[in-house]
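Student: Take this structure first; my questions come after.
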Amino acid sequence: MITTGPSRRRTSRILISNDVWHDVWVYWESQSPLGPPRDISRVKDLSPSGLFIETRARKREGDLLDLHFLVQEGQIRAEAIVRHTSSGHGLGMKIKSITSQDAPHLHKLLMRLREPARPAQKQPAQS
């Protein structure tokens, strides 16, 4: 049996499903010479203090990334530091800073992600 200790995280992460209502993408830029300098990646989980993105890009632990969330809640820009790398799968990051103007948008995004998926709206019939 494998037992684990308490989580190091201050806040729990929200696992993001693949449905349209919850889908979250982030545009990121890096000054690291390793891997591409920029890309767009799907966010797999998110909390006020960190996230995990799907990417095959290689980065080192400690690399800084500028993040730009592509979401309906409004502009969310943050700086994050790579804390974990999973080769070929993605990057685990700690959010280092977020602008005071964008923090309320991140809060709204987290609230939406905690909601159950909404059913697709039916389009009115065309006559």
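Every letter in the sequence shown is one number past the one before it in this note's numbering, and letter 67, counting from 1, is 68.
Glycine is no exception: its CB is placed at the ideal position from the N, C-alpha and C atoms.
Quick caveat, the model's predicted, so the values are computed rather than measured.
1. Use the C-beta contact count for T1: other C-beta atoms within 10 angstroms, 16 or more gives buried, fewer gives exposed.
2. What residue range is occupied by the uninterrupted beta strand (DSSP E) comprising H69?
3. Beta carbon of F53, beta carbon of L92: below 8 Å?
4. For L35 and M112, I'd like the C-alpha separation in whole angstroms.
5. Alpha carbon to alpha carbon, how far is S33 from D67? Give it in angstroms, no decimals.
6. Considering Cα atoms alone, identify which of D46, S101, R39, S31 is closest to V25.
7. Is H90 helix, strand or coil when you go by DSSP?
8. Check L47 in the structure and name its three-state DSSP category.
9. Can you confirm whether the stretch 78 to 88 touches the stretch 35 to 44 when touching is taken to mean that 3 or more C-beta pairs between the two stretches lie within less than 8 Å?
Tutor: Reading from the atomic positions:
1. For the chain, the structure presents residues 2 to 128; residue 1 sits outside this window and is missing.
2. Indexing the sequence shown from 1 puts residue 69 at position 68. Here the beta strand (DSSP E) through H69 covers 65 to 71.
3. Counted from its first residue, the sequence shown places residue 53 at position 52. Counted from its first residue, the sequence shown places residue 92 at position 91. Contact: yes.
4. The residue given as residue 35 occupies position 34 in the sequence shown. The residue given as residue 112 occupies position 111 in the sequence shown. Those two C-alpha atoms are separated by around 35 Å.
5. On the sequence shown, position 66 is the one that residue 67 refers to. On the sequence shown, position 32 is the one that residue 33 refers to. Near 11 Å, if we compare the C-alpha coordinates of S33 and D67.
6. Walking along the sequence shown from the start, residue 25 turns up at place 24. Between V25 and the set D46, S101, R39, S31, the nearest pair of CA atoms involves D46.
7. For this step, residue 90 is matched to residue 89 along the sequence shown. Three-state DSSP puts H90 in coil, outside helix and strand.
8. Counted from its first residue, the sequence shown places residue 47 at position 46. It is a strand residue.
9. no
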